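Novice: Handing you this structure, nothing more for now.
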Amino acid sequence: MSFTIDRQTLDELNLLGKFRQGSVYGLFNRVRTSGGERLLDHLFLHPLQEAAAINQRSAIFQFFQEAGLAFPFDPREIALMREWLDGGTRSTFFMALVDTMISKGLSGLVRDERYKKNVQGLQATIGVLKSCYAFLALAGSMKGPYTARISEIKQLLSDPRLERLGKVDIYQALPVNTLAFYDHLLKRGLLAAMEEILAFIYELDVNIAVSGVAAARGFTYARALPPVKNVLSAEDLRHPCLEGAVGNAVTLRRDLNVLFLTGANMAGKSTFMKSLGIGLYLAHMGFPVAAASMEFSVREGMYSSINVADNIGLGYSHFYAEVVRVKQAAEAAASGKRLLLMFDELFKGTNVKDAYDGTLAITEAFSEYRNCLFVVSTHIIEVGEALKNRSNIHFAFMPTIMNGVHPHYTYKLREGITEDRQGMLIIRNEGILELIGS
């Protein structure tokens with residue numbers, strides 16, 4: 112099974128994108144190698160679905176964070192090694208030797224670059240292996256969740272032929288027969304071992320980068336629980352990409368599976384939803400989360416409706432696009448999956464009466480799916496009053512505090528339903544009516 116999340120939710124939460132400003136991926140992309148970046152891509156695209164696997168990965172990141180290890184490899188050497196291994200070799204040592212001798216001769220006659228690249232590739236590989244031996248000597252005595260993986264690589268590197276290669280002085284000229292021997296050995300006989308060593312290095316790259324971000328930003332690691340518990344709880348949960356982000360506590364569970372959130376525009380409702388969605392997604396990856404603590408039952412997916420836009424190509428108005436989005440979420444919830452679903456300002460593309468009726472009806476209907484967790488926000492506070500008879504709905508609001516005629520937003524959740532109605536006051540503060548009247 113895979114974690115269900117669609118493109119709209121990924122975009123609204125700004126989870127992916129190497130070059131997208133403020134993306135969660137960009138926050139953690141501190142890797143040093145292209146292979147590490149490919150692995151990071153894979154992790155972001157494939158959240159885990161088993162509590163044990165999630166907790167195991169989190170434990171590995173925490174192990175590296177506590178160890179405080181720096182990446183011990185030269186990224187240029189790794190790139191040269193990767194290119195060299197990809198270059199292939201002849202099927203026998205004799206043919207590899209002949210090919211090496213020919214390329215060396217041509218290098219002096221017609222400036223053929225193959226021999227030079229071959230030498231540089233082997234030199235880089237020797238440098239990488241030396242760094243591997245040094246790292247294993249340092250980390251080999253450290254006990255923790257990564258011990259078994261370290262032991263696997265130690266076993267690979269215990270091959271006497273690799274041990275001899277690791278002792279070669281790369282600053283001395285390499286004999287042609289030595290170059291040919293290792294060209295054939297590493298690209299054919301020990302190619303699988305070399306690929307595993309590179310995979311290990313890419314893992315180290317990601318583990319060190321991600322744990323370094325966690326240490327620098329004060330993130331923690333969520334604890335994954337079996338799906339049946341149906342709980343999501345966090346303390347001081349905040350947006351990981353915002354400097355000085357305000358944290359909030361949140362608890363959802365089977366008997367309190369709907370958070371009904373009210374508050375004025377700009378009070379922080381959307382940011383809170385994004386913080387919750389991002390936190391849950393990172394938690395399923397086993398990554399550190401921006402919270403003081405967090406525990407969650409494994410979900411099967413997540414849907415959000417935060418920044419729904421009209422679709423000119425399909426002829427959808429903003430309101431109809433909202434309806435389509437709610438229908439998609441309803442179909443997902445009705446499928447029986449355990450999901451987190453978040454709706455920000457339902458039906459804001461229509462009139463207040465229809466928005467009231469629609470928000471009330473949809474919230475009541477969704478609340479019956481006790482295996483799912485919901486967050487619904489609105490500034491139509493009358494909907495909250497009509498929902499108070501439902502025991503599984505938790506009411507909270509983002510307050511607006513007036514400093515004279517100027518609004519101030521704390522971004523802190525409070526219990527209950529807001530009574531803030533400062534819309535016209537803000538309009539007057541901006542002098543709009545005077546501008547129109549003039």
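The numbering of the sequence shown is this note's numbering, which starts it at 112 and goes up by one. Note that CB positions come from ideal geometry on N, CA and C, so glycine has one too. Values in this document were obtained by computation on a predicted structure and should not be read as measured data.
When you measure from the CB of residue 394 to every non-hydrogen atom of the ligand COA, does any distance come out below 7 Å?
Specialist: With respect to the ligand COA, the structure shown offers nothing to examine, as it has no ligands at all.
Novice: Does the Cβ-Cβ distance between residue 414 and residue 450 come in under 8 Å?
Specialist: Residue numbering aside, residue 414 sits at position 303 when the sequence shown is read from its first letter. Residue numbering aside, residue 450 sits at position 339 when the sequence shown is read from its first letter. The answer is yes: Cβ separation under 8 Å.
Novice: Is residue 441 near residue 483, with beta carbons less than 8 Å apart?
Specialist: Counting from 1 along the sequence shown, the entry for residue 441 is found at position 330. Counting from 1 along the sequence shown, the entry for residue 483 is found at position 372. No.
Novice: Tell me the DSSP secondary structure of residue 381 in three-state form.
Specialist: Here residue 381 refers to the residue found at position 270 of the sequence shown. Helix, per DSSP.
Novice: Among 390, 274, 339, which one has its Cα closest to the Cα of residue 403?
Specialist: In the sequence shown, counting from the first residue as 1, residue 403 sits at position 292. Nearest of 390, 274, 339 to residue 403, Cα basis: 390.
Novice: What residues are listed by DSSP as bridge partners for residue 403?
Specialist: As a first step, residue 403 is located in the sequence shown; it is residue number 292 there, counting from the start. DSSP lists no partner for residue 403.
Novice: How big is the Cα-Cα spacing for residue 424 and residue 435?
Specialist: Within the sequence shown, residue 424 is the residue found at index 313, counting from 1. Within the sequence shown, residue 435 is the residue found at index 324, counting from 1. Residue placement at residue 424 is poorly supported in this model, since its pLDDT is 49, which falls under 50; the coordinates still yield a value, given next. Looking at the two C-alpha atoms, the distance is approximately 15 Å.
Novice: Apply the 10 Å Cβ neighbour rule to residue 328 and answer buried if 16 or more other Cβ atoms are within range, or exposed otherwise.
Specialist: Residue 328 sits at position 217 when you count from the first residue of the sequence shown. That one is exposed.
Novice: Please report the distance separating the alpha-carbon of residue 194 from that of residue 330.
Specialist: For this step, residue 194 is matched to residue 83 along the sequence shown. For this step, residue 330 is matched to residue 219 along the sequence shown. If you take the alpha carbons of residue 194 and residue 330, they lie about 36 Å apart.
Novice: Compare the Cα-Cα distances from residue 332 to each of 372, 394, 340 and report the closest residue.
Specialist: Looking up residue 332 in the sequence shown gives position 221. Closest in C-alpha terms to residue 332, from the list 372, 394, 340, comes 394.
Novice: Which whole-angstrom value describes the C-beta separation of residue 529 and residue 491, a residue pair presumed to lie in contact below a C-beta threshold of 8 Å?
Specialist: Against the sequence shown, residue 529 aligns to sequence position 418. Against the sequence shown, residue 491 aligns to sequence position 380. That pair is no contact at about 11 Å.
Novice: From residue 509 to residue 262, what distance separates their C-alpha atoms?
Specialist: Here residue 509 refers to the residue found at position 398 when the sequence shown is read from its first residue. Here residue 262 refers to the residue found at position 151 when the sequence shown is read from its first residue. Cα-Cα distance, rounded: 51 Å.
Novice: Am I right that residue 522 and residue 357 are in contact with their C-beta atoms under 8 Å? What's the rounded C-beta distance?
Specialist: Within the sequence shown, residue 522 is the residue found at index 411, counting from 1. Within the sequence shown, residue 357 is the residue found at index 246, counting from 1. That pair is a contact at about 4 Å.
Novice: Just the C-alpha distance for residue 320 and residue 142, rounded to the nearest angstrom, thanks.
Specialist: Translated into positions along the sequence shown, residue 320 becomes position 209. Translated into positions along the sequence shown, residue 142 becomes position 31. Spanning the two alpha carbons is a distance of roughly 6 Å.
Novice: Pick out the complete alpha helix (DSSP H) segments inside the stretch 423–503, 4 residues or longer, and give them in chain order.
Specialist: 429–445, 463–477, 492–497
Novice: Suppose the cutoff is 7 Å on Cβ atoms and the five residues either side in sequence are ignored; what does the same chain contact list for residue 455 look like?
Specialist: Numbered from its first residue, the sequence shown carries residue 455 at position 344. Take residue 455, set aside five residues on each side of it, and the residues of its chain with a beta-carbon closer than 7 Å to its own are 380, 381, 384, 416, 417, 488, in chain order.
Novice: Along the beta strand (DSSP E) that carries residue 514, what are the first and last residues, could you check?
Specialist: On the sequence shown, residue 514 is found 403 positions in, with the first residue counted as 1. It spans 511–514 - the beta strand (DSSP E) in which residue 514 sits, taken as one unbroken run.
Novice: Contact defined as beta carbons within less than 8 Å: I believe residue 562 pairs with residue 247. What is the distance between those atoms, to the nearest angstrom?
Specialist: An answer regarding residue 562 cannot be provided, because it is not within the stretch 112 to 549 covered by the chain.
Novice: Rounded to the nearest angstrom, how far is the Cβ of residue 309 from that of residue 146, given a contact under 8 Å?
Specialist: Translated into positions along the sequence shown, residue 309 becomes position 198. Translated into positions along the sequence shown, residue 146 becomes position 35. Indeed they touch by this definition, with Cβ atoms about 6 Å apart.
Novice: Do you know offhand how far residue 426's Cα is from residue 464's?
Specialist: On the sequence shown, position 315 is the one that residue 426 refers to. On the sequence shown, position 353 is the one that residue 464 refers to. Low per-residue confidence applies at residue 426: pLDDT is 46, beneath 50, and the placement is therefore not dependable, though the value from the model is reported in the following sentence. Cα to Cα, the separation comes out at about 24 Å.
Novice: Between the C-alpha atoms of residue 161 and residue 245, what's the straight-line distance to the nearest angstrom?
Specialist: To locate residue 161, count along the sequence shown from 1; it is residue 50. To locate residue 245, count along the sequence shown from 1; it is residue 134. Going by the C-alpha atoms only, they are around 34 Å apart.
Novice: Can you say whether residue 123 is buried or exposed, counting buried as having 16 or more other CB atoms within 10 angstroms of its CB?
Specialist: On the sequence shown, residue 123 is found 12 positions in, with the first residue counted as 1. By the neighbour-count criterion, in which 16 or more other beta carbons inside 10 Å mark a residue as buried, residue 123 falls on the buried side.
Novice: Report the rounded CA-to-CA distance for residue 518 versus residue 377, giving the unit in angstroms.
Specialist: Numbered from 1 along the sequence shown, position 407 holds the residue referred to as residue 518. Numbered from 1 along the sequence shown, position 266 holds the residue referred to as residue 377. Rounded to the nearest angstrom, the two C-alpha atoms are 10 Å apart.
Novice: Is residue 395 helix, strand or coil by DSSP?
Specialist: For the purposes of this step, residue 395 is taken as residue 284 along the sequence shown, with counting starting at 1. Helix at residue 395.
Novice: So, residue 116 versus residue 412, is the Cβ gap smaller than 8 Å?
Specialist: Sequence index remark: in the sequence shown, residue 116 carries index 5 (1-based). Sequence index remark: in the sequence shown, residue 412 carries index 301 (1-based). Yes, Cβ-Cβ distance for residue 116 and residue 412 is below 8 Å.
Novice: Leaving out five residues on either side along the sequence, give the residues of the same chain with a beta carbon under 6 Å from the beta carbon of residue 422.
Specialist: Sequence index remark: in the sequence shown, residue 422 carries index 311 (1-based). Its pLDDT being 48, under 50, residue 422 is placed unreliably by the model, and the measurement read from it follows with that caveat. Counting only Cβ-Cβ distances below 6 Å, and skipping sequence neighbours, we find 432.
Novice: Hey, how far is the Cα of residue 274 from the Cα of residue 243?
Specialist: Here residue 274 is taken as the residue at index 163 of the sequence shown, counted from 1. Here residue 243 is taken as the residue at index 132 of the sequence shown, counted from 1. Distance between the alpha carbons of residue 274 and residue 243: 11 Å.
Novice: Give every residue of the same chain whose Cβ lies closer than 6 Å to the Cβ of residue 343, excluding the five residues on either side of it in the sequence, and list them in chain order.
Specialist: The sequence position of residue 343 within the sequence shown is 232, counting from 1. The answer, listed in chain order, is 363, 407, 484.
Novice: Taking residue 169 as the reference, which of 369, 156, 430, 334 has the closest Cα?
Specialist: Residue numbering aside, residue 169 sits at position 58 when the sequence shown is read from its first letter. Residue 334 is the option with its Cα nearest to residue 169.
Novice: In chain order, what residues of the same chain have a beta carbon less than 8 Å from the beta carbon of residue 374, not counting five sequence neighbours either side?
Specialist: As a first step, residue 374 must be located in the sequence shown, where it is residue number 263. Around residue 374: 380, 488, 490, 508, 509, 510, 511, 529, 531.
Novice: Round the Cβ separation of residue 399 and residue 345 to the nearest angstrom and send it over; I've been treating them as touching at under 8 Å.
Specialist: Locating residue 399 in the sequence shown gives position 288, counting from the first residue. Locating residue 345 in the sequence shown gives position 234, counting from the first residue. Taking 8 Å as the upper bound for CB-CB distance, residue 399 and residue 345 are not in contact here, some 13 Å apart.
Novice: Ordered along the chain, which non-local residues of its own chain (more than five positions away) have a Cβ less than 6 Å from that of residue 505?
Specialist: Translated into positions along the sequence shown, residue 505 becomes position 394. These residues qualify, in order along the chain: 367, 370.
Novice: Under 8 Å Cβ to Cβ from residue 211, same chain only, skipping five residues before and after it: list those, please.
Specialist: Residue mapping note: residue 211 aligns to position 100 of the sequence shown, counting from 1. Excluding residues within five positions, the ones whose Cβ falls inside 8 Å are 226, 229, 287, 290, 291, 294.
Novice: Among 149, 323, 314, which residue has its Cα nearest to the Cα of residue 139?
Specialist: Along the sequence shown, read from residue 1 onward, the residue named residue 139 stands at position 28. That would be 323, whose Cα lies nearest to the Cα of residue 139.
Novice: Return the residue from the list 236, 340, 409 that minimises the CA-CA distance to residue 186.
Specialist: Translated into positions along the sequence shown, residue 186 becomes position 75. The candidate whose alpha carbon is nearest that of residue 186 is 236.
Novice: Whole angstroms are fine: how far does the CA of residue 525 sit from the CA of residue 144?
Specialist: Position 33 of the sequence shown, counting from 1, holds the residue named residue 144. Position 414 of the sequence shown, counting from 1, holds the residue named residue 525. Roughly 45 Å between the two C-alpha positions.
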